[in-house]
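Numbering (the working numbering), first residue to last: 143 to 317. The structure appears below as structure tokens.
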């Protein structure tokens, strides 16, 4: 596992062993790949509402991927916004700051999963297409995989002594 900078020492992403791209770039490439999205929708047809078509979802997913990229660029370049504006707690029962909190950023049916280091520092661990009729992460194999990646990334950080932003940047400088 490797951690790479995405935007301005605020947003990072894991690059997993055997992968050529970090998770952020990999996901944007997949979500803007019409053939990949069409195949995903065919395999997960039961999660598409009857009043929507696969063609509509291909467009939604593509447009939302571009929106997410633009939104994150805008937030990281702004001095009056933090990434906490985009990322929210993964579990709705978490009400106070928690060290290495599991987070999600979303736009309609797209999810970016991340670990929060501090108010404006996040590490993306993965992401998923979560269609409207798919409710919980445990409901589908592709989101269960993303949950395992979140947990593995958190353990990796803990095993390397990361518990706040100072220890995180020390860890990055050691690597």
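For glycine and all other residues, C-beta sits at the position ideal for the given N, C-alpha and C.
- Of the residues assessed, residue 300 falls on the exposed side of the cut-off, its CB having fewer than 16 other CB atoms within 10 angstroms.
- Comparing alpha carbon positions, the residue from 290, 179, 216, 232 closest to residue 273 is 179.
- Under DSSP, residue 260 forms a beta bridge with 263.
- Assigned with DSSP and collapsed to three states, residue 166 falls in helix.
- When DSSP states are grouped into helix, strand and coil, residue 215 belongs to the helix group.
- Look at residue 282 here: in three-state DSSP terms it is coil, with no helix or strand label.
- The alpha-carbon separation between residue 211 and residue 151 amounts to approximately 16 Å.
- The straight-line gap separating the alpha-carbon atoms of residue 174 and residue 311 is approximately 32 Å.
- Between the C-alpha atoms of residue 184 and residue 280 there is a straight-line separation of about 20 Å.
- Per DSSP, residue 226 is not a residue of any alpha helix (DSSP H), being assigned neither H nor E.
- As computed with DSSP, residue 144 is found in a beta bridge with 157.
- Taking C-beta separations shorter than 6 Å and ignoring five residues to either side along the sequence, the partners of residue 258 in its chain run 243, 245, 264, following chain order.
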